[in-house]
Each structure stands twice: as C-alpha cells, then as structure tokens.
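Enquirer: Counting in the numbering used here, the sequence shown runs from 1 upward without gaps. All C-beta atoms, glycine included, are put in the ideal place defined by N, C-alpha and C.
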Amino acid sequence: MNDASVTPAQKRPRGRPKDAGKRAALLDAARTLLLTKGPDVSMDEIASAAHVAKATLYANFSDKDALIEEVVRRESDLTITDEQFRAIRSAPVAQALATFGRNFLAFVNSKDLFAWDSLFAYIAMRDSEAPKRFFDLGPGRGQRLLEDLIAAAIGRGELAAADPHQAADVLVGLWLGFTNLEIKLGMRPQLSSKELSERVSRGIGMFLLLYPPVETSAE
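Here you go:
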C-alpha cells in the first residue's frame, strides 16, 4: 500500500504504547524499596520486584531521579488530587479545611512517614538540590494548596485578612503539635480514625477563633 493512502489518524505512533499497569507496578515497587532500602536501591532491583523488564523501566523513567520524583508526586496525589482540591476550593471554609485536614493527617499519621524523612535526609547529603525538588513535588504542593484554600476563604470574607502562608503554618501546627513527633519516635501509637477526625476538628475550631470571619455591617 502506498504511504499516501494512509491518513494521519491511521498512522501508529513509534514505539510500543506504555502499559499503565506496568508503570503502576514499577511505582509500587520503587516506593517499597526506597522506603525499606533507601536511595541506593538499584534500577535492576526495582524492575525485578515489579516483574517487568529493565527496558520497560527505562521506557517509563529516564533515570532513578525521574522515578523517585514520580513516586513522590504520586504520594502527594494520594493525599489530595487536583480534582479533589478543585471540588472543595469553593466549599465553606470549615468544610474545605476538614476535608483537606483529614487527608493531610492521614498521610502524616502513616507508619511510613519516618522512612520518608530518612530517605529525603539521605538524599540531601548527596545532592543539595534534591530536597527542594522533592519538597516542591510533595509537602510543598500540599502547602501551596492549603494556602490557596485559605486565600480563597479570605477573599470570600470567611476568614479575617491575613498572610495565607503564615495562616497555613499556624493551622498545620495546630493539627500536628507534639503528637506527630511522638508517633515518629515510636513513643505512642498512630492516631485512630476517631482521634484523627477529632484532632482536625479541634485544630479548625481554634484556627477560626484566631482568624474569625469578617463582620459585615447591616445595610
């Protein structure tokens, strides 16, 4: 058949299409091995644990840094996706913060948190630029989203005028307290679902006292 008879829509892209299932398996394997063995885990080990060929690994991720970045990005999405964030952004501030807070504390309450801290600390000793990249993809993204929620609520008059960055820092402090450190150091068990929800609600209640809604004068 002459190439001229083939329309652009009929032409197939070069290379094999990436298998979403294999990509997910690679990310799962990388997450597990990075948290248990650290950043020195080899790409061969990751491919073997995911039961995929090494060529498939490199077809999805150019190098280990790219793979780690995608693992961190996916972890951030598990906390709250962009779609979930858009859905709560215009909700009443207490409701929006409660949804965000439960997702955030569920991640912080994870038994894997200490392993994440150790991983990033180890990477930082070898690459001074890496911490900023990983922070921006993970915790930094959560920070920006929370600041955006607070800024939107301030714009609607649901919170007193304030610096969203400082207000977000205050709220996270109310949510975490010393309990987060006690959990990471193994001094107390992880929060139960009930304790987590109560902690989120209590923090929001105190936060709203610090940044009360703007009072509008009667017409």
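In angstroms, rounded to a whole number, what distance separates the CA positions of Trp-175 and Arg-199?
Expert: If I take the Cα positions, the gap works out to 6 Å.
Enquirer: Whole angstroms are fine: how far does the CA of Lys-184 sit from the CA of Leu-57?
Expert: Cα to Cα, the separation comes out at about 33 Å.
Enquirer: Pull up the CB-CB distance for Leu-119 and Leu-34, whole angstroms please, since I reckon it's below 8 Å.
Expert: Contact flag correct, Cβ pair sits at about 6 Å.
Enquirer: For Ser-76, is the classification buried or exposed, using 16 other Cβ atoms within 10 angstroms of its Cβ as the cut-off for buried?
Expert: It counts as buried.
Enquirer: Is there contact here, the stretch 84-99 with the stretch 123-140, by at least three beta-carbon pairs under 8 Å?
Expert: No, they do not touch.
Enquirer: Keeping to the same chain, check which residues put their C-beta closer than 6 Å to that of Met-251; ignore five residues upstream and five downstream.
Expert: A question about residue 251 goes unanswered here, because the residues of the chain that appear run from 1 up to 219.
Enquirer: Report the rounded CA-to-CA distance for Gly-15 versus Ala-59, giving the unit in angstroms.
Expert: Caution is warranted here: a pLDDT of 48 is assigned to Gly-15, below 50, making its placement in the model unreliable, and the coordinate value is therefore given only provisionally. Approximately 10 Å between the Cα atoms of the pair.
Enquirer: Measure the beta-carbon distance from Val-214 to Gly-157 and round it to whole angstroms, keeping in mind my assumption that it falls under 8 Å.
Expert: With a Cβ gap of about 4 Å, Val-214 and Gly-157 count as contacting.
Enquirer: From the DSSP output, in three-state form, read off Ile-80 for me.
Expert: In the structure shown, Ile-80 sits in coil (DSSP, three-state: anything other than H, G, I, E or B).
Enquirer: Report all residues from its chain with a CB closer than 6 Å to the CB of Ile-123; omit the five preceding and five following residues, and keep chain order.
Expert: Excluding residues within five positions, the ones whose Cβ falls inside 6 Å are Pro-39 and Ala-130.
Enquirer: For Val-108, which residues of its own chain have a beta-carbon under 7 Å away from its beta-carbon, when the five flanking residues on both sides are left out?
Expert: Leu-176 and Asn-180.
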